[in-house]
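*Asks:* Dropping the structure in here first, questions after.
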Amino acid sequence: MILILSRLRSPKFPVRNLNSLRTYYNVKRKSAKEENFLPKLIHQKIRAKGPMTVAEYMKEVLTNPVAGYYMHKDMFGDSGDFVTSPEITQMFGEIIAVWFLNEWQKMGSPRPVQIVELGPGRGTLSNDILRVFSHFKALHKASLHLVEVSPTLSDVQAKQLCIETTPSPESSAVYRRGMSRHGIPVFWHKQLEDVPHSFSLIIAHEFFDALPIHKFHKTFNGYKEVLIDIDNSEEGKEPKFRYTLARHETPMSKVLLKQDETREHVEVSPDTLAISRTICERVKQSGGIALICDYGHDGSGTDTFRAFKKHQQVDPLVMPGTADLTADVDFRLIREGGVITLGPTTQKNFLLKTGLEYRFKSLAKNIEDKQQLENLTECYNFLVDDDKMGERFKFCALFPETARKILNKVSVVGFSWGNC
Ligand SMILES: C[S@@+](CC[C@H](N)C(=O)[O-])C[C@H]1O[C@@H](n2cnc3c(N)ncnc32)[C@H](O)[C@@H]1O
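Note that the sequence shown covers residues 1 to 420 in the numbering used here.
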């Protein structure tokens, strides 16, 4: 990998503007009336049908077509909510791109090749991947497929990635298509099932932690599902919500809880299970490599459901739709898909083994400006420090069984090749 990295260009200004990058996703509402749309809708739904699951709540809050958090937001503002690694520095996307190039080459660089990104945000990671692939002339017979539910973010991605795009009917498998600045076709899909079956390099960065979870709490009478109800304890104009426990066994508690479960709090995401199974099936049937990067644990995580607004952790039940909701990913669910699975390993481990320090040094030596150098160093530390993204952020890679012979000879960079 270092050999490939050493052939990358080293521009003089490799740091993305730190000030604006830390202000991600500025939510702009059109009117005060819209501001209350989601609280009112959730209030009405609970009044009509009783308390809702955390999964239903997350789905409404994040992806409701009218007012979901992800659906109608402007790119960059002065008051965003959170920051992601590709938005901090190009070094992150470069390492991911070179890792894919390296592993794909080991498999004989099958073509045609689809680069598939789930939840591409501003399109920055895909853009960095295309830039690196283009630099190494690896885009012959390639296409980019973006799985994105947000119409507003698909606009942002289109601007960042394409010379031109054209919309398709909302109901079709491809709802937008375009031509990238690097000369390959780009397709937008609402779900992974709509992406054509072909050899794919699949990347999901901070995608799975946005998927709805069911929450369970251990009581003297066994596990009960955590639900969200109306809070009538305070008078006020705004609808208020509170957690409550389901009195009886819910359908999800029957299906999702393991017999030998012991944790106090358990969170399970059926969507994570379903989408990761789809990834595994594709990797098995059509060939490919997947890299999943997210906040997560290996089945030991407990109470991780949280909300972020302007870089602060806030109450997920207050003003739904104005803060991002997230829960750590249970990588155990991803690991059970019947393909070769490596990891989860920490971001620090992955990035240092794949040459981040080398790339950092080769960029740093071209920088004369002291402030720029400080910024680059700050970005590097942000990616690998234990108390920043280094420890809590995890990487997991999926390969088809057919790649085992090759990987036995040359193991996967960034992971340990033990009893896989
Ligand atoms: C936390 S952002 C991550 C953005 C980007 N990957 C990054 O790291 O900068 C989550 C992304 O997933 C998208 N998303 C959330 N739920 C989705 C779903 N159910 N289907 C498709 N995309 C979804 C959001 O619109 C957004 O693009």
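Ideal placement from N, C-alpha and C gives every residue a C-beta, glycine not left out.
On a predicted model such as this, the values are computed, not experimentally measured, just so you know.
Please tell me whether, using a cut-off of 6 angstroms, the distance from the CB of Leu139 to the nearest non-hydrogen atom of ligand 3 is below it.
*Replies:* You won't find ligand 3 in this model; what it holds is ligand 1.
*Asks:* For the candidate residues Arg181, Pro112, Ile279, whose alpha-carbon lies nearest to that of Pro132?
*Replies:* For the purposes of this step, residue 132 is identified with residue 132 of the sequence shown, where counting begins at 1. Note that residue 132 corresponds to Val in the displayed sequence, not to Pro. Of the candidates Arg181, Pro112, Ile279, the one whose C-alpha sits nearest the C-alpha of Val132 is Arg181.
*Asks:* Of the residues Pro11, Lys240, Asn381, Leu398, which one's Cα is nearest the Cα of Lys365?
*Replies:* Looking up residue 365 in the sequence shown gives position 365. Taking only the C-alpha atoms, the option nearest Lys365 is Pro11.
*Asks:* Extract the residue ranges of the beta strand (DSSP E) inside the segment 149-220, only unbroken runs of 3 or more that lie entirely within it.
*Replies:* The segment 149-220 contains these whole beta strand (DSSP E) runs: 162-167, 176-180, 185-189, 200-205, 214-219.
*Asks:* By a C-beta neighbour count over all protein chains shown, 10 Å radius and 16 as the cutoff for buried, is Asp294 buried or exposed?
*Replies:* Looking up residue 294 in the sequence shown gives position 294. Asp294 should be labelled buried.
*Asks:* For Lys224 versus His214, is the C-beta distance shorter than 7 angstroms?
*Replies:* Here residue 224 refers to the residue found at position 224 when the sequence shown is read from its first residue. Here residue 214 refers to the residue found at position 214 when the sequence shown is read from its first residue. Against a cut-off of 7 angstroms, the Cβ pair of His214 and Lys224 comes out as no contact.
*Asks:* Could you tell me the distance, in whole angstroms, from the CA atom of Pro316 to the CA atom of Ala48?
*Replies:* As a first step, residue 316 is located in the sequence shown; it is residue number 316 there, counting from the start. As a first step, residue 48 is located in the sequence shown; it is residue number 48 there, counting from the start. Those two C-alpha atoms are separated by around 22 angstroms.
*Asks:* Run through DSSP, which three-state label would Gln251 get?
*Replies:* Taking the sequence shown and counting its residues from 1, the one referred to as residue 251 is at position 251. Here the sequence assigns Pro to residue 251, which means Gln is not the residue at that position. Pro251 falls in the helix class under three-state DSSP.
*Asks:* Thinking C-alpha only, which one of Asn349, Leu257, Lys45, Thr377 is nearest Ser362?
*Replies:* For the purposes of this step, residue 362 is taken as residue 362 along the sequence shown, with counting starting at 1. Considering only alpha carbons, the answer is Thr377.
*Asks:* Hey, Asp145 and Val113: beta-carbon distance below 7 angstroms or not?
*Replies:* Mapped onto the sequence shown, residue 145 falls at position 145. Mapped onto the sequence shown, residue 113 falls at position 113. First, the amino acid is wrong: residue 145 is His here, not Asp. Going by C-beta atoms, His145 is not nearer than 7 angstroms to Val113.
*Asks:* Based on the DSSP secondary-structure assignment, which residues constitute the bridge partners of Lys394?
*Replies:* Taking the first residue of the sequence shown as position 1, residue 394 is located at position 394. Lys394 pairs with Asp294, Thr346.
*Asks:* Start and end of the beta strand (DSSP E) containing Val147?
*Replies:* For the purposes of this step, residue 147 is taken as the residue at position 147 of the sequence shown. Residues 142-147.
*Asks:* Does the count of Cβ pairs from the segment 343-357 and the segment 299-312 closer than 8 angstroms reach three?
*Replies:* Contact fails: fewer than three Cβ-Cβ distances are below 8 angstroms.
*Asks:* Here's the rule: buried if 16 or more other CB atoms are within 10 angstroms of the residue's CB, otherwise exposed. What is Asp209?
*Replies:* For the purposes of this step, residue 209 is taken as residue 209 along the sequence shown, with counting starting at 1. Under this definition Asp209 is a buried residue.
*Asks:* Does the distance between the C-beta of Gly121 and the nearest non-hydrogen atom of ligand 1 fall short of 6 angstroms?
*Replies:* Locating residue 121 in the sequence shown gives position 121, where the first residue counts as 1. Yes, since a heavy atom of ligand 1 falls inside the 6 angstroms radius drawn around the Cβ of Gly121.
*Asks:* Hey, is the segment 376-391 in contact with the segment 86-97, meaning 3+ C-beta pairs nearer than 8 angstroms?
*Replies:* Touching, yes, given that three or more Cβ pairs across the two stretches are closer than 8 angstroms.
*Asks:* What does DSSP give as the partner residue(s) for Ala307 in the beta ladder?
*Replies:* For the purposes of this step, residue 307 is taken as residue 307 along the sequence shown, with counting starting at 1. Ala307 pairs with Val314, Leu325.
*Asks:* Does the contact criterion of 3 or more C-beta pairs under 8 angstroms hold for the segment 43-62 versus the segment 124-142?
*Replies:* The segment 43-62 is not in contact with the segment 124-142.
*Asks:* Helix, strand or coil for Thr53, going by three-state DSSP, please let me know.
*Replies:* Stepping through the sequence shown from its first residue, residue 53 is reached at position 53. DSSP places Thr53 in strand when its eight states are reduced to three.
*Asks:* Within the chosen definition, does the segment 245-252 reach the segment 155-163 through at least 3 CB pairs nearer than 8 angstroms?
*Replies:* Output reads no: the segment 155-163 does not touch the segment 245-252.
*Asks:* Once the 5 residues before and after Pro86 are set aside, which same chain residues still bring their CB inside 6 angstroms of it?
*Replies:* If you number the sequence shown from 1, residue 86 lands on position 86. Answer for Pro86: Phe92, Gly93, Thr124, Leu125, listed in chain order.
*Asks:* Ligand 1 and His205: does the residue's C-beta get closer than 6 angstroms to at least one heavy atom of that ligand?
*Replies:* Taking the sequence shown and counting its residues from 1, the one referred to as residue 205 is at position 205. Result yes, Cβ under 6 angstroms from ligand 1.
*Asks:* Between which residues of its own chain and Thr278 is the CB-CB distance below 8 angstroms, once the five residues before and five after are set aside?
*Replies:* The residue given as residue 278 occupies position 278 in the sequence shown. For Thr278, where only same-chain residues beyond five positions count, the Cβ hits under 8 angstroms are Leu192, Glu193.
*Asks:* If Val255 and Leu342 are in contact, beta carbons under 8 angstroms, what's the gap, nearest whole angstrom?
*Replies:* For the purposes of this step, residue 255 is identified with residue 255 of the sequence shown, where counting begins at 1. For the purposes of this step, residue 342 is identified with residue 342 of the sequence shown, where counting begins at 1. Going by Cβ atoms, the distance from Val255 to Leu342 rounds to 28 angstroms, so no, they are not a contact pair.
*Asks:* In chain order, what residues of the same chain lie with their CB nearer than 8 angstroms to the CB of Lys388, ignoring the 5 residues before and after it?
*Replies:* As a first step, residue 388 must be located in the sequence shown, where it is residue number 388. Once the five neighbours on either side are set aside, the close Cβ partners of Lys388 are Asn381, Phe382.
*Asks:* Can you find the residues in the same chain that come closer than 8 angstroms, C-beta to C-beta, to Pro169, ignoring five residues on each side of it along the sequence?
*Replies:* Here the question's residue 169 lines up with position 169 in the sequence shown. Tyr175, listed in sequence order.
*Asks:* Can you tell me where the beta strand (DSSP E) holding Glu244 begins and where it ends?
*Replies:* On the sequence shown, position 244 is the one that residue 244 refers to. Note that residue 244 is Thr in the sequence shown, not Glu. It spans 241-245 - the beta strand (DSSP E) in which Thr244 sits, taken as one unbroken run.
*Asks:* So does Glu336 have its beta carbon nearer than 6 angstroms to some heavy atom of ligand 1?
*Replies:* Stepping through the sequence shown from its first residue, residue 336 is reached at position 336. No, since every heavy atom of ligand 1 falls outside the 6 angstroms radius drawn around the Cβ of Glu336.
*Asks:* With a threshold of 16 other CB atoms inside 10 Å of the CB of Ile2, please say whether the residue is buried or exposed.
*Replies:* For the purposes of this step, residue 2 is taken as residue 2 along the sequence shown, with counting starting at 1. Answer is exposed; the Cβ neighbour count stays below 16.
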